[in-house]
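Scroll down for the structure; my scribbles are underneath it.
Numbering (my numbering), first residue to last: 36 to 249.
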């Protein structure tokens with residue numbers, strides 16, 4: 036894999052063991068996204084940047100008829116994810132694979148190229164070529180399906196000191212909130228055919244966005 040894969044393995048080689056416990060208080064909006072997924076019965080749900088598998092487990096519990104797939108660039112994270120989905124009792128419904136969000140081959144990895152739901156939770160802010168990853172995600176969405184995204188916002192309605200402190204701290208973990216996520220989604224919808232949406236959450240702390248493919 037790429038140098039970014041090695042970087043992510045280095046960042047999360049040890050953090051993965053406490054990742055879910057420490058992130059639950061500030062990766063806001065994930066559970067709302069999962070609650071809104073509403074995949075059709077028997078539909079396929081793909082998470083890009085699945086990390087520890089926490090979100091896929093939650094999807095599996097919320098939508099027991101869904102087939103679940105996850106891709107991540109970090110083999111260290113996938114090792115944790117495999118153990119977690121098995122422990123949670125959803126291992127038989129989850130297929131995990133290592134791949135670069137910017138250019139993985141879904142057909143080769145999962146035996147299918149399209150999914151009724153694709154989502155990305157707090158991963159675009161960690162991907163240097165994030166617009167490539169966004170476009171790759173949209174290519175994986177089946178006609179009539181949905182791409183859903185949640186990530187850090189620009190903290191617009193929060194104190195400037197908070198914004199500087201948060202962005203400085205996130206930078207230590209190679210996280211860069213994308214200020215132009217909304218126009219990127221709109222361009223993608225225009226180019227690929229779809230209906231975009233986006234909104235801020237928690238006074239700008241987080242942003243939800245995505246599109247419906249036509």
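Idealized CB from N, CA, C, for every residue including glycine.
A check of alpha carbon separations from residue 61 across 87, 196, 228, 188 identifies 188 as the nearest. Contact between the segment 103-118 and the segment 83-94 is present: 3 or more CB-CB pairs across the two stretches fall below 8 Å.
Residue 216 is positioned such that its CB atom lies closer than 8 Å to that of residue 244. Looking at the backbone, the Cα of residue 186 and that of residue 172 are separated by about 15 Å. Counting along the chain, no alpha helix (DSSP H) covers residue 163, and no H or E run does either. Put simply, the segment 156-174 touches the segment 206-220. At least three CB pairs are less than 8 Å apart.
Proximity to residue 227 across 179, 65, 235 peaks at 179, based on C-alpha coordinates.
For residue 130, the enclosing beta strand (DSSP E) starts and ends at 129-133. Between residue 97 and residue 150, the C-beta gap is not smaller than 8 Å, which leaves the two residues out of contact. Between the beta-carbon of residue 64 and that of residue 236 there is about 5 Å, and that keeps the pair under the 8 Å contact cut. Spatial neighbours of residue 197 in its own chain (CB-CB distance under 8 Å, excluding positions within 5 residues in sequence) are listed in chain order as 190.
Here residue 155 carries a strand assignment [DSSP, helix/strand/coil]. Counting of Cβ neighbours within 10 angstroms places residue 70 among the exposed residues, the total staying below 16. In the structure shown, the three-state DSSP call for residue 185 is strand. For residue 66, the secondary structure class from DSSP, reduced to helix, strand or coil, is helix. Taken through DSSP and simplified to helix, strand or coil, residue 120 comes out as helix.
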